[in-house]
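Going line by line, the protein sequences match chains S and B.
Using UniProt numbering, you'd call the opening residue of the first sequence number 1 and step up by one each time.
Using UniProt numbering, you'd call the opening residue of the second sequence number 1 and step up by one each time.
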Amino acid sequence: MSDRLSVFKTYKLYVGGKFPRSESGRVYEVTDAKDNWLANAPLSSRKDARDAVVAARKAFGGWSGATAYNRGQVLYRVAEMLEGRREQFVREVAQAEGLSKSKAAAVVDAAIDRWVWYAGWTDKIAQVTGGANPVAGPFFNLSSPEPTGVVAVLAPQDSSFLGLVSVLAPVIATGNTAVVIASEKAPLPALSLAEVLATSDVPGGVVNILSGRTAEIATPLAAHQDVNAIDLAGADEELAKELEIAAADNLKRVLRPRPVDFTETPGTERLTAFLETKTVWHTTGALGAAGSSY
Amino acid sequence: MPTTAPPAHALADVTASDSTLRRFLHGLPGVDAVGLEARAASLGTRSIKTTAKAYAIDLAISMVDLTTLEGADTPGKVRALGAKAVHPDPTDRTAPTTAAVCVYPDMVAVAKEAVAGSGVKVASVATAFPAGRAALDVKLADVRDAVAAGADEIDMVIDRGAFLAGKYLKVYDEIVAVKEACGTSARLKVIFETGELSTYDNIRRASWLGMIAGADFIKTSTGKVAVNATPANTLLMLEAVRDFRAQTGIQVGVKPAGGIRTTKDAIKFLVLVNETAGQDWLDNHWFRFGASSLLNDLLMQRQKLATGRYSGPDYVTVD
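What follows is the structure, given as structure tokens:
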């Protein structure tokens, strides 16, 4: 077997359920923690970002309209698929972050558990953040959380897999669609996650994953008029400021970066960050001459 | 270019009988399908950027026949369409008007009122659009109706059944009759429905047939079948109008319709026009896009060029 040729993997983007190369045709070298070459990853351009937004917008209607229960099942399916490819992700995470095999395994396990955790939240978040409001009149007044729309996600730079899952899962759990910019230095686990998403009932376009220079891709996304929110987890202070200014133009929801320990169980903050409250009024019923009918 | 085709003054002779017309149309050189598609594809790779792109976008907007041809068309919808044709981008009055609005004959009067005074023309489909399966009298009545209501342009469909059965003279006579019904006030666009003509050879034959019969425009399709305007069939028709002018001195316009949805596509078509027919056709008197959703994409790209930000569908009208 020693004379067998090695088969290198071509890492590609994930846009609209397909695996295209970058429109620009560019790639960049990805190295492990010790600067050994691992693979070439696509170096996305702003046009890839634009295409990803179009795909995410197209997928939004179906995904946000799916029942919360259904979304939970799909997210759980992602965890199932990940479990089956655990070895691969352990290897990729170990290389990307310079971890020992056992530590990388713990990271991957935590990431799989995170999917399950968020899968459970899909049909419970509405009870937590929504509710019936008492009003001074014969009306039901109900508030329910609605997904914001297309969310641009700058994945954390250091935690290439657990961090990515921790910011991506809450965005799609609530019915948003996402355009994710993978960690610039360690994009390979994210690009492999795309293969898991593609085989786990997540409709094409719900998650779109781009690799490349974070600043180059994030700038047009922050200014994009058809992106509704942006999670700046992977931006440094200077870039975050710049992006927040650009995002103000169409009043995007912005989640500012701050230090997070991704190994801790998260709260609901990332779930509620990309929800908007819709309040509806509905009459309680006819009020007859004899008074209330209920 | 058919070298065997007769000179201009003799083109009238080819319609003397069914057999002379058939001999002429079948004498046109066959189309190299692979070469045609390769040529169309290679012209589609041109990179049009910055100021050239801005020019192309404005030119494309000015060439749009903003179309609504639905059973559910209401006067309100047609008025909205007219308003959009006059001011495509209400937030930016420098955006050019579209060339025309294209509606069914019964909506012509409404459309005419909506675009009055703006220079936007009103085009009406007629002749039992889109199938064209009706008696000639009915088709002509349809045309007269639209013209009487004030249509500036008539989009007729040819009888594809007759064409495919080889009854070229019947198709010819019908176009001539419709042209006559248009009178002097309305320009005639002849729709071949290229998606139903099966072969490129047929599209070339139909193009020449239409032009000989007096079409002011030749138009690819109705937008109602699976295959509509493609770069290849439009390229073929552009070659036909170029060759027709070379032979007869008469310039005929081209209108691809249906399936052109993005700015990128539209600019590819403009490159085809420039490289095939030439600059004389880069004007909305001689080239049109039959489209509805294309305009929104053109406007979004226009906004992108003006502001540097990608625009979104929230910033254009929902039609």
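All C-beta atoms, glycine included, are put in the ideal place defined by N, C-alpha and C.
Per DSSP, cross-strand counterpart(s) of residue i
i: S/I217; result: Bridge partners of S/I217: none, in fact.
i: S/T177; result: S/V150
i: S/L255; result: S/D231
i: S/G131; result: S/S143
i: B/G119; result: BP columns for B/G119 are empty, so no partner.
i: B/M156; result: B/V190
i: S/Y28; result: S/A41
i: S/I209; result: S/Y14 and S/V180
i: B/A257; result: B/G290
Sub-7 Å separation of residue i and residue j beta-carbons
i: B/K255; j: B/R288; result: yes
i: B/L209; j: B/A181; result: no
i: S/L271; j: S/T148; result: no
i: B/L298; j: B/I260; result: no
i: B/L169; j: B/D18; result: yes
i: B/G223; j: B/A266; result: no
i: B/T238; j: B/Y200; result: Strictly speaking, residue 238 of chain B in this sequence is Leu, with Thr absent from that position. Going by C-beta atoms, B/L238 is not nearer than 7 Å to B/Y200.
i: S/L197; j: S/D231; result: no
i: S/S143; j: S/T277; result: yes
i: B/V64; j: B/A291; result: yes
i: S/A152; j: S/V227; result: yes
i: S/T214; j: S/E184; result: yes
i: S/A235; j: S/L154; result: yes
i: B/A151; j: B/V115; result: no
i: B/V108; j: B/A149; result: yes
i: S/I112; j: S/A79; result: yes
i: S/G205; j: S/A105; result: no
i: S/A178; j: S/V202; result: no
i: S/K9; j: S/F19; result: no
i: S/R114; j: S/S166; result: yes
i: B/V271; j: B/L43; result: yes
i: B/V125; j: B/A111; result: no
i: S/F89; j: S/N176; result: no
i: residue 317 of chain S; j: S/S211; result: Only positions 1 to 294 of chain S appear in this structure, which leaves residue 317 of chain S out of reach.
i: B/Y172; j: B/A213; result: yes
i: B/P88; j: B/I61; result: yes
i: residue 324 of chain B; j: B/F163; result: The requested residue 324 of chain B is not part of the displayed model; chain B covers only 1 to 319.
i: S/V180; j: S/I217; result: no
i: S/R26; j: S/L43; result: yes
i: B/I154; j: B/A134; result: no
i: B/G278; j: B/V227; result: no
i: S/T129; j: S/G72; result: no
i: S/Q225; j: B/G71; result: no
i: S/A169; j: S/P145; result: no
i: S/Q95; j: S/D35; result: no
i: S/A240; j: S/P257; result: yes
i: B/D159; j: B/G132; result: yes
Chain B contact residues for residue i, given Cβ-Cβ distances below 7 Å
i: S/R50; result: Y310
i: S/D3; result: None at all; the shortest Cβ gap to chain B is about 42 Å.
Under 8 Å by beta carbon: chain S residues contacting residue i
i: B/P313; result: R57 and D226
Contacts that residue i makes with chain B (C-beta to C-beta distance below 8 Å)
i: S/D249; result: R309
Review point. What alpha helix (DSSP H) runs, 4 residues minimum, are completely inside the stretch 210-253 of chain B?
Key: List check, alpha helix (DSSP H) in window: 231-248.
Review point. Counting only runs that start and end within the stretch 31-90 of chain S, where is the alpha helix (DSSP H) found for 4 or more residues in a row?
Key: Taking 4 residues as the minimum length, the alpha helix (DSSP H) runs contained wholly in the stretch 31-90 of chain S are 46-65 and 68-84, in order along the chain.
Point to revise | Proximal residues, the stretch 221-245 of chain S versus chain B, C-beta separation under 7 Å | key: Cβ contacts with chain B: A223, H224, Q225 and D226.
Exercise for review: Scan the stretch 260-286 of chain S and note each continuous alpha helix (DSSP H) run of 4 residues or more that stays entirely inside, going in chain order.
Suggested key: Counting whole runs of 4 or more residues, the stretch 260-286 of chain S contains the alpha helix (DSSP H) stretches 269-272.
Review point. Can you list, in chain order, the stretches of the alpha helix (DSSP H) that have 4 or more residues and sit fully within the stretch 23-50 of chain B?
Key: Qualifying alpha helix (DSSP H) stretches, in chain order: 33-43.
Check your understanding: Considering only residues of the stretch 54-128 of chain B, which uninterrupted beta strand (DSSP E) runs meet the minimum length of 3 residues and lie entirely inside it, listed in chain order?
Key -> Restricted to the stretch 54-128 of chain B, the beta strand (DSSP E) segments that are unbroken, complete and at least 3 residues in length are 64-67, 100-103 and 121-125, listed in chain order.
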